[in-house]
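Worksheet for the structure shown next.
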Amino acid sequence: MPGVSDRRAAYVSCRIHCLPACFSRAAIAVSKLTLPAPEIPPLVSLCTCGLPGYSAREGEVFSAAAGDLHPRHRLPFVLSRVAASKAIASLSPSKTLTSPKTNEAPAVVFTHRREAAPMLHGCSLSIAHEDSVAASVAWPVSSPDSFSPNDSNASPKRLCRGTEVVRAHCSLSDATATAFAYAIDVVSVAEVHRVRSRFPRLGQRWMPQCITAASAEDMRRGLACVQKQPPESGAEVGVPEAGHGSEDVSACQAVGRRDGWWEHLPTPCESEADAYAAVVLAQHWGARECAVKLVGIPGRSFAYECVGALLPRGGGAVGAESNPFTVSFMVSHSLYLAGVSGVEAATLAKQGLQPLLYLYTWTEWVPFNRTVNLPYVVMLACMPCSSVAR
1 MPGVSDRRAA YVSCRIHCLP ACFSRAAIAV SKLTLPAPEI PPLVSLCTCG
51 LPGYSAREGE VFSAAAGDLH PRHRLPFVLS RVAASKAIAS LSPSKTLTSP
101 KTNEAPAVVF THRREAAPML HGCSLSIAHE DSVAASVAWP VSSPDSFSPN
151 DSNASPKRLC RGTEVVRAHC SLSDATATAF AYAIDVVSVA EVHRVRSRFP
201 RLGQRWMPQC ITAASAEDMR RGLACVQKQP PESGAEVGVP EAGHGSEDVS
251 ACQAVGRRDG WWEHLPTPCE SEADAYAAVV LAQHWGAREC AVKLVGIPGR
301 SFAYECVGAL LPRGGGAVGA ESNPFTVSFM VSHSLYLAGV SGVEAATLAK
351 QGLQPLLYLY TWTEWVPFNR TVNLPYVVML ACMPCSSVAR
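Each residue of the sequence shown is one higher than the one before, counting from 1 in the UniProt record's numbering.
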């Protein structure tokens, strides 16, 4: 029976995020571990007992789908498919408007490649994962008449917070009337720092315009922004009211677990400057990966130096509401707008996309041990489809 696992300890949390208007036709879900990885039970037990909103039988479907993968890839696969499943489910009006306590429909269990989503669920998917965090964005498959002029005054898509319906913020008519393509990426700040320590020219090679240096005050402000308790921007899904397992800690405790995180990395940072640089590179690495996904050509990279700030109001009403793209630190939960020029603009045009890149980032925190949480940057991006493509 669906929901039986809700009465057991949840080792995974999943959250649906409410975002700016240009993302309002999409649903974004993040799933992550709620305990340090060494304390997580074996995959079969995790899937049958610790997935929020899923029964033991539904959890077995996830674990079976991961069975043929390399052992190191199985847990990230399950996390990514849980996120994708929750994102797909939240697109359904019946799921949105029905209380989880009274909804008898089976949960969405998506274990396929993202390319199967249009046929199976009528939506497109972008999926990303690291070792302990996964994220997915789902959006309806566009048809030639999906975005008529009458949609220009439509309300943004609604998301469900338990039994309460909430709206995406920053509702702008041009955003809800425009078709967008979406992409998402998750980046481990610890892994970026490890690679950068071994290969100091990482940033210069792949993101040559990035600026990782800053004044001491700006560094402290940036790190404080990353560690700050995020605003209420979404809803936990499939989590019992009594709490969600051993990670049911207060907001104050959660903030305390982030203090000095850079000193506890597997490859520790030597200074706040190293930590700040790792965060900046993680943000822009995520943005670059999103651009690669939006181009959508297998085996093709993306020249990130083609991304730059636009002239004022270059993106219409949404552009006026956004921040200009920056090559340095991006403030969490802020919308940024960039223009794409050069060879990449031509490539995007061939793919039916306008050379406007919207970026929105935030940080997810996952327990590294019993006293420290480590940051993972989530980068969400979208581009408007050209009128010809629509």
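Note that the Cβ used here is the ideal one computed from N, Cα and C, for glycine as well.
These figures come from a predicted structure and were not determined experimentally.
- Residue nearest to residue 287 within the set 124, 328 and 262 is 328 (criterion: CA-CA distance).
- Distance from residue 295 to residue 348 at the Cβ level is roughly 7 Å; contact confirmed, criterion being Cβ atoms closer than 8 Å.
- In the structure shown, residue 131 falls within a coil segment according to DSSP collapsed to helix, strand and coil.
- A straight-line Cα-Cα distance of about 29 Å links residue 141 and residue 12.
- Beta-bridge partners assigned by DSSP to residue 340: 307.
- Of 121, 27, 132 and 214, the smallest CA-CA separation from residue 377 is found for 132.
- Distances from the alpha-carbon of residue 206 to those of 282, 310 and 85 put 282 closest.
- Straight across, the Cα-Cα distance linking residue 63 with residue 78 is about 7 Å.
- Around the beta-carbon of residue 203, 16 or more other beta-carbon atoms lie within 10 Å, marking it buried.
- Taking C-beta atoms as the reference points, residue 138 and residue 186 fail to come closer than 9 Å.
- Taking C-alpha positions only, residue 57 is separated from residue 350 by approximately 44 Å.
- Per the coordinates, the alpha-carbon of residue 332 lies some 31 Å from the alpha-carbon of residue 109.
- When Cβ pairs closer than 8 Å are counted between the two stretches, the region 186-199 is seen to touch the region 115-132, the count reaching three or more.
- By alpha-carbon distance to residue 181, the top candidate from 326, 25 and 76 is 25.
- Burial state of residue 126 is buried, judged by a 10 Å Cβ sphere holding 16 or more other Cβ atoms.
- Distance from residue 86 to residue 366 at the Cβ level is roughly 17 Å; contact not present, criterion being Cβ atoms closer than 8 Å.
- The DSSP-derived three-state label of residue 322 is coil.
- Less than 9 Å divides the Cβ of residue 321 from the Cβ of residue 20.
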